[in-house]
Amino acid sequence: MKYINELLKGVIIGVANILPGISGGMLAITMGVYDTIIHAVTQLFKEPIKSIRTLFPYGIGAVAGIVFLSLAFEYLFHTYPLQTKLSFLGLIGGGLPTLFQKSFNKEHPDRNKGVLTAAITCGVVILITFVAETVIASGRDTGMAVLTGVDYLTSGKFWVITLFFVGLLAAATMIVPGVSGSMIMMMLGFYEPILQTNNACIRALTTMNVSSLFLNILVLVPYFIGMAFGIFLFAKVVERLLTKHECQMYRIIIGLVFSSPFVILWDVNWKSVELYALLGGISLALLGYVAADLLGGEG
7 MKYINELLKG VIIGVANILP GISGGMLAIT MGVYDTIIHA VTQLFKEPIK
57 SIRTLFPYGI GAVAGIVFLS LAFEYLFHTY PLQTKLSFLG LIGGGLPTLF
107 QKSFNKEHPD RNKGVLTAAI TCGVVILITF VAETVIASGR DTGMAVLTGV
157 DYLTSGKFWV ITLFFVGLLA AATMIVPGVS GSMIMMMLGF YEPILQTNNA
207 CIRALTTMNV SSLFLNILVL VPYFIGMAFG IFLFAKVVER LLTKHECQMY
257 RIIIGLVFSS PFVILWDVNW KSVELYALLG GISLALLGYV AADLLGGEG
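FYI, the numbering for the sequence shown is 7 to 305, going by the working numbering.
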């Protein structure tokens with residue numbers, strides 16, 4: 007049962023990393039597995055067997071979520087955007103009680119300092135989101151011809167190096183909780199091409215189109231290499247911060263959680279939202295909250 011629980015958590019984290027505005031790192035925290043995963047990553051070479059055993063179910067679940075559910079959630083995100091976003095908001099909110107226990111307790115009486123830290127963090131994230139979404143919006147409807155994912159990613163002279171650093175950045179957004187990697191990728195113009203290429207791999211695999219599968223995977227290789235390198239690099243930094251400044255780090259994370267509704271619901275056109283969609287979304291948010299509580303715990 008514990009193994010299935012870890013697989014499900016991995017699936018949720020994997021799906022979250024491909025949805026704009028959703029933070030996989032944040033969901034890992036709210037489900038109580040962030041510390042466990044970060045520690046296993048940083049100790050992979052010192053304790054390989056133990057680390058692999060820890061990471062395996064989460065890794066398999068995340069890959070399964072990305073590979074098998076990316077098409078489904080891409081459809082849900084575009085067809086039922088409000089309901090999908092609210093369900094993930096519920097998952098994120100479900101971890102708040104645990105975060106408050108770690109941040110505001112008898113051992114850390116400086117509540118005013120903690121509230122200020124969370125408030126500043128929340129404000130900074132909202133400001134970054136505003137700037138990022140403004141940049142994204144300004145890049146829309148340019149009238150340029152739409153390229154396929156592979157054509158776009160390989161159009162630059164140094165596309166291999168570029169994709170390596172994009173992967174490095176993606177790793178940072180995966181490790182740092184509250185930062186939506188998909189939103190950053192959208193701001194840089196890489197989100198849709200990478201998602202298209204990923205989905206092209208899935209379609210090629212299902213149709214056994216070996217040449218198309220090989221081509222798309224080959225293009226994504228430098229991206230995944232950069233991501234793997236970045237995960238080890240940033241995991242060590244985050245683990246050190248959690249070790250030396252645990253309370254303040256969790257207070258920052260609380261600020262990130264409170265900024266999540268603004269970040270995730272930023273582009274919702276509330277005037278066009280139907281009542282049934284809003285009620286359905288709220289119901290899914292409540293279910294997400296309960297699911298986060300059931301999946302929660304200290305790893």
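Glycine is no exception: its CB is placed at the ideal position from the N, C-alpha and C atoms.
Coarse secondary structure for residue i, derived from DSSP in three states
| i | result |
| --- | --- |
| LEU133 | helix |
| ALA151 | With a pLDDT of 44 at ALA151, under the threshold of 50, the modelled position of this residue cannot be trusted, and the question is left open. |
| ASN11 | helix |
| LEU292 | helix |
| VAL17 | helix |
| ILE24 | coil |
| GLY261 | helix |
| THR36 | helix |
| THR42 | helix |
| TRP272 | coil |
| VAL69 | helix |
| LEU50 | coil |
| GLY173 | helix |
| GLU315 | Residue 315 lies beyond the stretch modelled for the chain, which goes from 7 to 305, so this question has no answer here. |
| GLY162 | coil |
| SER29 | coil |
| VAL182 | coil |
| VAL156 | helix |
| PHE196 | coil |
Rounded C-alpha distance that separates residue i from residue j
| i | j | result |
| --- | --- | --- |
| TYR295 | PHE164 | 44 Å |
| TYR86 | LEU13 | 25 Å |
| THR123 | LEU133 | 15 Å |
| LEU211 | ILE72 | 14 Å |
| GLY236 | LEU33 | 19 Å |
| LEU6 | GLY96 | No statement about residue 6 is possible, as the shown extent of the chain runs from 7 to 305 and does not include it. |
| SER161 | ILE167 | 12 Å |
| GLY30 | TRP272 | 18 Å |
| ASP116 | ARG257 | 11 Å |
| TYR297 | GLY101 | One point to set straight first is that residue 297 is Ala, not Tyr, in the sequence displayed. Taking the straight line joining both Cα atoms gives about 10 Å. |
| PHE106 | THR213 | 49 Å |
| LEU262 | ILE270 | 12 Å |
| PHE215 | ILE55 | Phe is not the amino acid found at residue 215; the sequence shown has Asn there. ASN215 and ILE55: Cα-Cα distance of roughly 36 Å. |
| GLU198 | LYS15 | 25 Å |
| ASN222 | GLU53 | 34 Å |
| ALA259 | TYR64 | In the sequence as presented, Ala is not what sits at residue 259; that position holds Ile. Taking the straight line joining both Cα atoms gives about 21 Å. |
| ASP157 | LEU219 | 15 Å |
| PHE196 | THR36 | 28 Å |
| GLN49 | TRP276 | 46 Å |
| TYR9 | THR90 | 26 Å |
| HIS84 | GLU280 | 16 Å |
| ILE66 | LEU290 | 26 Å |
| PRO103 | ALA283 | 28 Å |
| ILE43 | LYS242 | 11 Å |
| MET255 | ASP41 | 12 Å |
| ALA178 | SER217 | 32 Å |
| ASN11 | VAL274 | 32 Å |
| PHE51 | PHE74 | 30 Å |
| MET191 | LEU226 | 15 Å |
| LEU82 | LEU224 | 28 Å |
Cβ-Cβ separation, residue j to residue i (assumed contact under 8 Å), whole Å
| i | j | result |
| --- | --- | --- |
| PHE238 | VAL17 | About 23 Å separates the two Cβ atoms, so there is no contact after all. |
| ALA22 | PHE94 | 7 Å |
| HIS45 | GLU245 | 6 Å |
| LEU88 | GLY287 | 5 Å |
| SER109 | GLY120 | 6 Å |
| ALA200 | PHE240 | The sequence given here has Ile at residue 200, not Ala. So it is not a contact: roughly 19 Å between Cβ atoms. |
| ALA70 | GLY20 | 7 Å |
Residue-level contact to chain C via CB, residue i, 8 Å cutoff
| i | result |
| --- | --- |
| LYS250 | Here chain C cannot be found, since the structure has a single protein chain. |
- Message: With a threshold of 8 Å, are at least 3 pairs of Cβ atoms found where one atom belongs to the region 222-232 and the other to the region 167-181?
- Response: yes
- Query: Is there contact between the region 116-135 and the region 55-68, where contact requires at least three CB pairs shorter than 8 Å?
  - Reply: no
- Task: Indicate whether the contact test is met: 3 or more Cβ pairs, each with one atom in the region 256-275 and one in the region 197-214, closer than 8 Å.
- Result: no
- In chain order, which beta strand (DSSP E) runs of at least 3 residues are fully inside the region 199-247? none
- Query: If you scan the region 81-130 from start to end, which runs of the alpha helix (DSSP H) of 4 or more residues do you find wholly inside it?
  - Reply: Listed in chain order, the complete alpha helix (DSSP H) runs (minimum 4 residues) inside the region 81-130 are 87-99 and 102-109.
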